[in-house]
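Its first residue numbered 823, the sequence shown is counted upward by one per residue in our numbering. Beta carbons: idealized from backbone N, C-alpha and C, even for Gly. Just so you know, these numbers come straight off a predicted model, no measurement behind them.
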Amino acid sequence: MNFVETRLAKLARNGDRRAFAELVDLYKDKIYHLAYRMLHNVQEAEDVVQETFLRVYTNLNRFDDTQKFSTWIYRIGTNLCIDRLRKRKASYSLDAEVSDSEGTDWYSMLASGERTPEGELLLSETQEQVRKAIDALPEKYKSAVILRYLHDMSLQEIGEVLNMPVTTVKTRVHRGREYLRERLEKDSLL
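Structure below.
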């Protein structure tokens, strides 16, 4: 996959529009899900996808062929999300953001056994509490936790995306997980 993406990036850099369209097809959903998980807002997630691909297109000449394309595009998308979180921080309130159920979201990744009305209600309440706990994570832990547990990235990949040493990533994932555990225990989920 990496070879194909690198080849597509090289072709796109040389003006091949179909190659760029293929890169968009490969990554638009992944970047949308990343942005939605970080921002919990459909419109902002869609904006981040557009802005990510605009930056990819205008900076293709800066793409280092020795790196993985996925790392590069995730770094761009993650940084755009972090910028938006910083801008909204002053007026951001958990209660103001209502989860909308459009499309696929990370809740669908949570395992559930038998589906009963009571189970569905309990599951949706649990998912909402987990979402709020992730939402409340301090900014520096949030992106590391989302990339690790919701995008299943290795610590090495996260380090490359966030441009930090693996030891720092490991610490942030660990502290983020501890924060979530404490928060969910307080909400008596664990």
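Same chain, Cβ closer than 7 Å to residue i, neighbours up to 5 away in sequence not counted
i	result
K1008	none
V988	L977, Q978 and G981
G899	I853, L856, A857, V870 and T874
R970	I980 and V995
Y849	I895
A955	L1002, R1005 and L1006
L882	A831, A834 and R835
Contact under 9 Å by Cβ, residue i with residue j
i	j	result
E844	A857	no
I968	R859	yes
C903	V870	yes
L984	V991	yes
D957	H862	yes
R1005	A966	no
W894	D886	yes
DSSP state of residue i mapped onto helix, strand, coil
i	result
F875	helix
N863	coil
H973	coil
T888	coil
G981	helix
L959	coil
G837	coil
N881	coil
D1009	coil
Cut-off 6 Å between Cβ atoms - residues of its own chain near residue i, not counting five sequence neighbours on either side
i	result
L830	A841, E844 and L845
E827	F891
N824	K890
D838	none
Residue-chain proximity (residue i, chain C), Cβ-Cβ < 9 Å
i	result
N883	Annotation note: the requested chain C is absent from the structure, which comprises a single protein chain.
Same chain, Cβ closer than 8 Å to residue i, five either side skipped, listed in chain order
i	result
Y879	A834 and F842
Residue i Cβ short of 8 Å to the ligand NAD heavy atom set
i	result
A841	The ligand NAD is not part of the structure shown, which contains no ligands of any sort.
Validate contact between the segment 868–887 and the segment 952–961 using beta carbons, cut 8 Å, 3 pairs: no
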